[in-house]
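A.B. asks: From first to last, the protein sequence lines stand for chains A and B.
Be aware that the first sequence starts at 1, since it is given in the numbering used here, and climbs by one per residue.
Be aware that the second sequence starts at 1001, since it is given in the numbering used here, and climbs by one per residue.
All C-beta atoms in this analysis are idealised placements derived from N, C-alpha and C, irrespective of residue type, glycine included.
The structure under discussion is supplied below as C-alpha cells; questions concerning it will follow.
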Amino acid sequence: TLGDKFEGIFRKLRGQKSLSEDNIKEAMREVRMALLEADVNYLIVKEFVSRVRETAVGQEIVKGVDPAQQLFYIVHKELVRMMEGEAETDKPFAVQPAKENNIMLLGLQGAGKTTFCGKLARWIEKEGCKPLLVACDVYRPAAIEQLKQVGGGLGIPVFEMGTETPPLKIVQEARKWARENHRDTLLIDTAGRLHIDEVKMEELQGIRDTIKPDYVFLVADAMTGQDAVNSAKSFNDEIGIDGVCLTKLDGDARGGAALSIKAVTGKPVVFVGVGEKPDDLERFHPDRVAQRILG
Amino acid sequence: LGISGKLDEETIEELEAALLQGDVSAETTQKIIARMKAVVKGRDKDLTPEDLLDVFKESVREILANSAPGFEPVPPPDGGPYVVMVVGVNGAGKTTTIAKMAKRCTDAGLRTMLVAGDTFRAAAVEQLEVWATRTGADFVRAPHGSDAAALCYDALAKARQRGSQVVFIDTAGRLHTKSTLMDELAKIERVIAKQLPGAPHETLLVLDATTGQNALQQVKTFSACVRVTGLILTKLDGTAKGGILLSILDQYRIPITLIGVGESAADLRDFDPDQFAMALFG
Ligand SMILES: Nc1nc2c(ncn2[C@@H]2O[C@H](COP(=O)(O)OP(=O)(O)OP(=O)(O)O)[C@@H](O)[C@H]2O)c(=O)[nH]1
Ligand SMILES: Nc1nc2c(ncn2[C@@H]2O[C@H](COP(=O)(O)OP(=O)(O)OP(=O)(O)O)[C@@H](O)[C@H]2O)c(=O)[nH]1
Ligand SMILES: [Mg+2]
Ligand SMILES: [Mg+2]
C-alpha cells in the first residue's frame, strides 16, 4: 500500500527535523503513481501533488511522530478535502415531500442511470416523497420496459408515452399526470449519450428548460479512467449538474474518477451505487473513497 | 502533439502526458518511451512530428501484433453451430455488440440465433429480442429468473435442430469481483461444452473504452474463469482512447478483434492497429 511505501522511504530519513522538498521527493513520486493507478486524471494528479508538496514542505516533524505517518496524513487529508462538498456553494440534495421536486438523471451510455432511478426513488420514498419515474429514453431497445420493470418491482408508478413521442412532450405530460395523481417528485431517466453528440446534448437542454429541474444528477461509472473529466466537464458546462452518483463501487475499481469529476466540475459526489438492487445505494463518504484511491 | 526536434525531455514529457491521458498504464507508458528512445538512438537528424508518429507506431507495433481483427464464424467439423459466448462487466455493451455481430452474420446469409442468457436484469431478454427481430436472427429465451446454464443447454439443442450456423449467447453483466457470478459463468461454459463438445468456439470479453486501469483486473479475472478467446472494445466513438488496451495486449495473449463505434447495429468495425495508434498518439 502507499502507507507501506512511505514507511520504506522514510526509514532512510531517520533523524530528519522537518519535511523538505528533497526528503519528500521520492514519496511524492509514489503518490503520483498511486493516483494514476487509481485513475485520477493526469492533470489533477499534478495539481494534487503540488498542493501536498506546498503543505508539507517546511513542516516540522512532530516529536515522536513517524515522518511517514505525518506525510501520509497530509496526503489523505488533502484528498478528502478535495472530494468533500463545499457547504457554501453546493446545492444540497434534499427533497421536500408534498412539494414539487423535479430530478433529472444524465450520463454516458451504460453508466447506471436507469438502475439509479429506481434506487433514488426508493431512497426518497423513505423521506416521505411520492416519486414518479419518467421514461425519457426513447432510443435504447426495451429501455421503457426496463424502467417499467424497475418501478413495478418497487410499487412506484412509471410514466411513459412510448418511443414515438419526443422527451420534451413526455416530461410535460408527466408533470400534468403527477399533479392529477398526487405524485410530488419526477425522476426523469434519460437516454445514455456522448457529451460530443450535439443533437443529443440539445435534447437534454430542451428537457432541462422545459421542466426546470430542482436537481440534476450526473451518473458516472466508478471504473471510468482519464476520460471522466471530459464527459463530466461537458455535461456540467452545457447542461449543468448539481451532484454526482458514482456507480459500481461494489467492484474493485479504485474510483479516482470521483476526485477528477469533483475537481473539474466543483460539484459533489452525493451517492454511490454499490450493487444492482434497489437498496444498493449509499451516501458518498469522502474518507472511504480517499482510502480506496490511495490503495 | 506540438512536438518537434529531438526526443528531448520536453518531448518525452508531452508523450508521457498523451499516453497516460489515453489510459495507457504508467508501466506500459515507460516501456513504450524506452522503446522509442532505442528506436531514435543514433538518428541524428531532427524528427518531424510525422517521424515521431512513425517511431511511436514502430514502438507499439509488437504489442499491437496481438490482434485478430474481424469475426470469422468458421463452420465446426461436426456440422453444428459456431457458438460465441459474450461476457463482461455491467453496461460494457455486450447485448448491443451481439446485435452488431448478428447483423454481420445475417447480412452474410448465415442462419443466426441469439440466446437471451441474461435471465437476471430487468428487460434484458426484451432488449435482445428487439435486436433479434431487427437483425433477422432466431431468438431463444426462458422465463425471467431461470437458470442461465439450463437455458443455454436447451438453446443449443434447439440450434442444432434448426440448423443454426452461428449462435450468440448473451450473458448478464457481472463485476469480476463477485465470485458467485463468476462461478455461474464457468458453469455456463461447462454446460455449453456438454451440449456441444468444442463449444463455445469463441468467448469474447467486452470492454468499455472509457474504463481505466480496472480493465486489467477484468481481463485477469474473466480469463482465469473462462477461456477468453478475444477482446472487443466498445464506445470508441466517444472521447476515450482505450489506451489500457496496450497494457492488456502486452500482458495477455488474448487478441483484440472488434471495436464498437456507436449504438446502431451497423456500428461495428474490425480492429485497426494503425488507426488505434494514431488516435492514441493524438
Ligand atoms: N454491480 C453494479 N452494477 C450496477 C450498478 N448500477 C448499475 N449497474 C448495472 O449496470 C448495468 C447498466 O445499468 P443501466 O441502469 O441500464 O445503465 P444506464 O445508464 O441506464 O444505461 P443506458 O440507458 O444504456 O445509458 C446494468 O447491468 C445494471 O444492473 C452498481 O452500482 N453496481
Ligand atoms: N456510443 C456507444 N454506445 C454503445 C456502444 N456499445 C454499446 N453502447 C451503449 O451502451 C449502453 C449499454 O449497452 P448494452 O449492450 O445494454 O450493455 P451490456 O453490457 O449488455 O449491459 P448489461 O447487460 O446491463 O451488463 C447502451 O446504451 C448501448 O446503446 C458503442 O460502441 N458506442
Ligand atoms: Mg438507461
Ligand atoms: Mg446486456
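Which partner residues of A:Y215 appear in the DSSP bridge assignment?
C.D. replies: According to DSSP, which records beta bridges pairwise, A:Y215 is partnered with A:I103.
A.B. asks: Would A:G256 and A:A38 qualify as a contact pair, given that the criterion is a beta-carbon distance under 8 Å?
C.D. replies: For A:G256 and A:A38, yes; Cβs fall inside 8 Å.
A.B. asks: May I ask which residues mark the beginning and end of the beta strand (DSSP E) holding B:A1068?
C.D. replies: From DSSP, B:A1068 is part of no beta strand (DSSP E); its letter is neither H nor E.
A.B. asks: Return no unless some Cβ of chain B is closer than 8 Å to the Cβ of A:A111.
C.D. replies: Answer yes: the Cβ-Cβ gap between A:A111 and chain B drops below 8 Å somewhere.
A.B. asks: I'd like to confirm the pairing. Which residues does DSSP put opposite A:L281 in its beta bridges?
C.D. replies: Bridge partners of A:L281: A:G273.
A.B. asks: For B:M1036, which of helix, strand or coil comes out of DSSP?
C.D. replies: Looking at B:M1036 - three-state DSSP - the assignment turns out to be helix.
A.B. asks: Name, please, each residue of chain B whose Cβ falls closer than 8 Å to the Cβ of A:Y42.
C.D. replies: Result: A1017, L1020 and Q1021.
A.B. asks: With distances taken Cα to Cα, identify the nearest neighbour of A:E84 among A:V269, A:D280 and A:L71.
C.D. replies: When each option's Cα is compared against that of A:E84, the closest is A:V269.
A.B. asks: With the cut-off set at 8 Å, would you say B:S1092 and B:G1173 are in Cβ contact?
C.D. replies: Checking the displayed sequence, the identity of residue 1092 of chain B turns out to be Ala instead of Ser. It is a contact, given that the beta carbons lie within the stated cut-off.
A.B. asks: For the beta strand (DSSP E) holding B:T1112, just list the boundary residues, first then last.
C.D. replies: Segment T1112 to G1117, the beta strand (DSSP E) holding B:T1112.
A.B. asks: With DSSP run on the structure shown, which of helix, strand or coil describes A:G295?
C.D. replies: Coil at A:G295, not helix or strand.
A.B. asks: Whose CA, out of A:R292, A:L281 and A:S234, lies closest to the CA of A:A258?
C.D. replies: The option with the nearest alpha carbon to A:A258 is A:R292.
A.B. asks: Which bits of chain B does A:P141 rub up against, with CB to CB less than 7 Å?
C.D. replies: The contacting residues are Q1127, V1130 and W1131.
A.B. asks: Sorted by chain position, which residues of the same chain lie with C-beta nearer than 6 Å to A:R183's C-beta, five sequence neighbours on each side aside?
C.D. replies: Only K130 and L132 meet the Cβ criterion.
A.B. asks: From what residue to what residue does the beta strand (DSSP E) around B:D1208 run?
C.D. replies: Its beta strand (DSSP E) spans residues E1202 to D1208.
A.B. asks: Would you mind reading off the limits of the alpha helix (DSSP H) that contains A:M83?
C.D. replies: Looking at the DSSP string, the run of the alpha helix (DSSP H) that includes A:M83 is P67 to M83.
A.B. asks: In chain order, what residues of the same chain lie with their CB nearer than 6 Å to the CB of B:G1002, ignoring the 5 residues before and after it?
C.D. replies: Low per-residue confidence applies at B:G1002: pLDDT is 49, beneath 50, and the placement is therefore not dependable enough to give any value.
A.B. asks: So B:L1020 is in the alpha helix (DSSP H); what residue range does that whole segment cover?
C.D. replies: Here the alpha helix (DSSP H) through B:L1020 covers E1009 to Q1021.
A.B. asks: Could you compute how far the alpha carbon of B:I1033 sits from the alpha carbon of B:L1007?
C.D. replies: Near 10 Å, if we compare the C-alpha coordinates of B:L1007 and B:I1033.
A.B. asks: Determine whether the Cβ of A:I196 lies closer than 8 Å to any Cβ atom of chain B.
C.D. replies: Interface residue, yes.
A.B. asks: Within 8 Å of any Cβ in chain B, is that where the Cβ of A:K248 sits?
C.D. replies: Chain B, which has a Cβ nearer than 8 Å to the Cβ of A:K248, makes this yes.
A.B. asks: Give the residues from the segment 1224-1241 of chain B that approach chain A closer than 8 Å (Cβ to any Cβ), ordered along the chain.
C.D. replies: Answer in chain order: K1235, D1237, G1238, T1239, A1240 and K1241.
A.B. asks: Just tell me which of B:T1234, B:G1238 and B:G1080 has its CA closest to the CA of A:S234.
C.D. replies: It is B:G1238 whose Cα lies nearest to the Cα of A:S234.
A.B. asks: On a Cα-Cα basis, can you pick out the residue from B:V1228, B:G1242, B:D1250 and B:D1051 that is closest to B:Q1030?
C.D. replies: It is B:D1250 whose Cα lies nearest to the Cα of B:Q1030.
A.B. asks: With DSSP as the reference, please indicate the residues paired to B:E1072 in a beta bridge.
C.D. replies: DSSP, once it has assigned bridges, lists no residue as partnering B:E1072.
A.B. asks: Between which residues of its own chain and B:L1064 is the CB-CB distance below 6 Å, once the five residues before and five after are set aside?
C.D. replies: Closer than 6 Å at Cβ, skipping near neighbours: P1273.
A.B. asks: What would DSSP say about A:G266, mapped onto helix, strand or coil?
C.D. replies: Coil, per DSSP.
A.B. asks: Just reading off the beta strand (DSSP E) that A:L296 is part of, what are its end residues?
C.D. replies: Summary: the structure shown does not reach residue 296 of chain A, with chain A confined to residues 1 through 295, and so no result is reported for it.
A.B. asks: With burial defined as no fewer than 16 other Cβ atoms inside 10 Å of the residue's Cβ, what is the status of A:D22: buried or exposed?
C.D. replies: Exposed, since its Cβ has fewer than 16 Cβ neighbours within 10 Å.
A.B. asks: Exposed or buried, what is B:N1090 when buried is set at 16 or more other beta-carbons lying within 10 Å of its beta-carbon?
C.D. replies: Counting Cβ neighbours within 10 Å, B:N1090 comes out buried, since at least 16 surround it.
A.B. asks: CB A:N41 to CB A:Q226, shorter than 8 Å?
C.D. replies: Their beta carbons are under 8 Å apart, which means A:N41 touches A:Q226 by this criterion.
A.B. asks: State the Cα-Cα distance for the pair B:I1169 and A:L154, rounded to the nearest angstrom.
C.D. replies: Roughly 30 Å separates the two Cα atoms.
A.B. asks: Does the Cβ-Cβ distance between A:L105 and A:T185 come in under 8 Å?
C.D. replies: No; because the gap between Cβ atoms is not below 8 Å, this pair is not in contact.
A.B. asks: Leaving aside the five residues before and after A:I9 along the sequence, list all residues of the same chain whose C-beta is less than 6 Å from its C-beta, in chain order.
C.D. replies: Closer than 6 Å at the Cβ level, and outside the excluded window around A:I9, lie E26 and A27.
A.B. asks: Cβ-heavy atom distance between B:K1094 and ligand 2 below 7 Å?
C.D. replies: Under cutoff, so the answer is yes.
A.B. asks: With C-beta atoms as the reference, is B:T1171 less than 8 Å away from B:M1113?
C.D. replies: No, the pair does not count as a contact, with Cβ atoms beyond the cut-off.
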